[in-house]
Amino acid sequence: MIAVSESIEILKANIATLGTEKRPLIDALGHVLSADVLAKVNVPSFDNSAMDGYAICFEIERTDYQVKYNIQAGDTNSYILKEKEAARIYTGAPVPDNANAVIQQELVNENGSNISFDKEKVKLGMNIRTLGSQCFENQIIASQGVLVTPAILGLLASAGVFEVEVYIMPKVSVIITGNELQKPNHELEFGQIYNSNEFALVGLLKSIGISQIKTYHVIDELTEVKKTVQTALNQSDVLIVTGGVSVGDFDFVKEALENNQVQGLFYKVKQKPGKPLFVGKKQDQWVFALPGNPAAVITCFNQYVKPSILAISGRKNTFEPIAILPLKNTFKKAAGLTFFVKGKYDYQGVEILQGQESFNLLSFNVANCIVKIEDNIESLEIGSLVEVYPLD
Ligand code: AMP
Ligand code: MG
Numbered sequence: 001m002i003a004v005s006e007s008i009e010i011l012k013a014n015i016a017t018l019g020t021e022k023r024p025l026i027d028a029l030g031h032v033l034s035a036d037v038l039a040k041v042n043v044p045s046f047d048n049s050a051m052d053g054y055a056i057c058f059e060i061e062r063t064d065y066q067v068k069y070n071i072q073a074g075d076t077n078s079y080i081l082k083e084k085e086a087a088r089i090y091t092g093a094p095v096p097d098n099a100n101a102v103i104q105q106e107l108v109n110e111n112g113s114n115i116s117f118d119k120e121k122v123k124l125g126m127n128i129r130t131l132g133s134q135c136f137e138n139q140i141i142a143s144q145g146v147l148v149t150p151a152i153l154g155l156l157a158s159a160g161v162f163e164v165e166v167y168i169m170p171k172v173s174v175i176i177t178g179n180e181l182q183k184p185n186h187e188l189e190f191g192q193i194y195n196s197n198e199f200a201l202v203g204l205l206k207s208i209g210i211s212q213i214k215t216y217h218v219i220d221e222l223t224e225v226k227k228t229v230q231t232a233l234n235q236s237d238v239l240i241v242t243g244g245v246s247v248g249d250f251d252f253v254k255e256a257l258e259n260n261q262v263q264g265l266f267y268k269v270k271q272k273p274g275k276p277l278f279v280g281k282k283q284d285q286w287v288f289a290l291p292g293n294p295a296a297v298i299t300c301f302n303q304y305v306k307p308s309i310l311a312i313s314g315r316k317n318t319f320e321p322i323a324i325l326p327l328k329n330t331f332k333k334a335a336g337l338t339f340f341v342k343g344k345y346d347y348q349g350v351e352i353l354q355g356q357e358s359f360n361l362l363s364f365n366v367a368n369c370i371v372k373i374e375d376n377i378e379s380l381e382i383g384s385l386v387e388v389y390p391l392d
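Our numbering applies: residue 1 is where the sequence shown begins, and numbers increase by one.
Written as structure tokens, this is what we have:
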């Protein structure tokens, strides 16, 4: 058995990215850029109006102008203003080449095709978004290591980028073991339970952006488990198994993995829930065998599998807590194991919830985080600082 801190160090020391690929921009969402991205064009690529109003070539003593042009967004002509001339102009429309101000329409008195205004309100360059004021062609606009969020998609598209190079996200297989499992749309026979781990795991994987997911079901029988492990390993970068990794007579997962040349990095962690956690590798492939208890599955995924998959996908600091917050209630446990308990946090602090048994999922109804309580701790007072790991 190893300490939680040691197990995390082993993961961090062994994790590597899988290589890179080019993706159409829209399919890069949730991926990490593996190279700096350069703007294809100047943004804006022409001086344009920031307001609906009037473009003028402002001369200090002149406050009355004649409206000569009407320039809409998307107008592809270019215009030059002569003395006394103004152009009616709308947000995003190209300003005439020699215009030096756009006066918003609220500041203008309109009289037929003439306009006038208070000259004190005019500043040279006002309401003109100048060429390149966001970025210039070939400027780095998103750096290697940046996560492609919807806002990054917008930024890249604004500069004409339609394809990016990103780190490959792993293909993941999930093996569900257990003779007792039934699908939620079937009647339970005596002794059966519903297979909740599959739903939780597939949902968790999708929630971190994994799209290539294969699921297998297997009974608790050594030859069957070996065969399924072999099939799943042939199709995936990461394999997650639930159940059958404990010390019972029908727990065949560890043996089946070893039989498939998976080398253990660690087995059994001083933690609750999820003590029998096994993590191993077969060359570059990762295997996480989680105990079957549903709350242990979600906790082990959150603390081990998620940060590993995200790090493999190029994300940084994935094992770090989101915050260190004061406890809103007291907590007691025996020293020895690290506890990962379901909690609900906000900006003020974190509350440890009732119903922490590893089979009990009900507190996920309100939980939004896992709280880590260090192994040596026996009791915590209100206000004690604890590490908080988000569940979403
Ligand atoms: P195991 O690790 O196989 O000994 O399973 C531990 C506990 O988790 C047992 O009570 C199992 O019935 C339960 N369990 C295992 N797999 C699942 C699953 N897919 N969904 C819900 N409960 C499960
Ligand atoms: Mg089992």
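Every residue gets a Cβ at the ideal spot worked out from N, C-alpha and C, and that includes glycine.
Item	Value
Since L277 and A256 should fall inside the 8 Å C-beta cutoff, what is the C-beta to C-beta distance between them, to a whole number of angstroms?	In fact, because the Cβ distance is near 16 Å, the residues do not count as touching under 8 Å.
For V166 and V287, I'd like the C-alpha separation in whole angstroms.	24 Å
Please report the straight-line C-alpha distance between I176 and E374, rounded to a whole angstrom.	30 Å
State yes or no: is the C-beta of E180 nearer than 8 Å to some heavy atom of ligand 2?	yes
Could you check whether the Cβ of N234 sits closer than 8 Å to any heavy atom belonging to ligand 1?	no
For the alpha helix (DSSP H) that C300 lies in, which residues bound it at each end?	294-300
What is the DSSP secondary structure of D375, counted as helix, strand or coil?	coil
Does the beta-carbon of D249, which I'm using as the reference point, lie nearer than 8 Å to any heavy atom of ligand 2?	no
Run through the segment 164-215 for me and flag every whole alpha helix (DSSP H) of 4 or more residues, listed as ranges in chain order.	197-207
Please name the residue, chosen from I60, Y69, Q72, C135, that lies closest to F117 on a Cα-to-Cα basis.	I60
CB-CB under 6 Å to S143, same chain, minus the five flanking residues each way: which ones, in chain order?	D36
Closer than 8 Å: is that where the CB of V279 sits relative to any heavy atom of ligand 1?	no
If I follow the unbroken alpha helix (DSSP H) through I10, where does it start and stop?	4-14
Go to N317, then tell me how far its beta strand (DSSP E) extends in each direction, as first and last residue.	From DSSP, N317 is part of no beta strand (DSSP E); its letter is neither H nor E.
Would you say N14 and K206 are within 9 Å of each other, going by their C-beta atoms?	no
One question on the structure: do V269 and L290 come within less than 9 Å of each other, judged by their Cβ atoms?	no
Below 8 Å, how does it come out for the segment 21-39 and the segment 128-138: are there three or more Cβ pairs, yes or no?	yes
Using a Cβ-Cβ cut-off of 6 Å (strictly less than) and excluding sequence neighbours within five positions of A55, which residues of its own chain qualify?	A87, I89, V95, P96, A99, V102
Output the boundary residues of the alpha helix (DSSP H) element that contains L222.	222-233
Does the segment 151-165 come close enough to the segment 314-325 that 3 or more CB-CB pairs lie under 8 Å?	no
Taking the alpha carbon of F331 as the reference point, which residue from Y345, S313, E351 has its own alpha carbon closest?	E351
Pull up the CB-CB distance for V386 and V366, whole angstroms please, since I reckon it's below 8 Å.	With 8 Å as the limit, V386 and V366 do not qualify as a contact, their Cβ atoms being about 17 Å apart.
Considering only the alpha carbon of each residue, which of G145, N329, V108 lies closest to M51?	V108
Using a Cβ distance threshold of 8 Å, determine whether the segment 177-196 contacts the segment 239-251, with at least three qualifying pairs required.	yes
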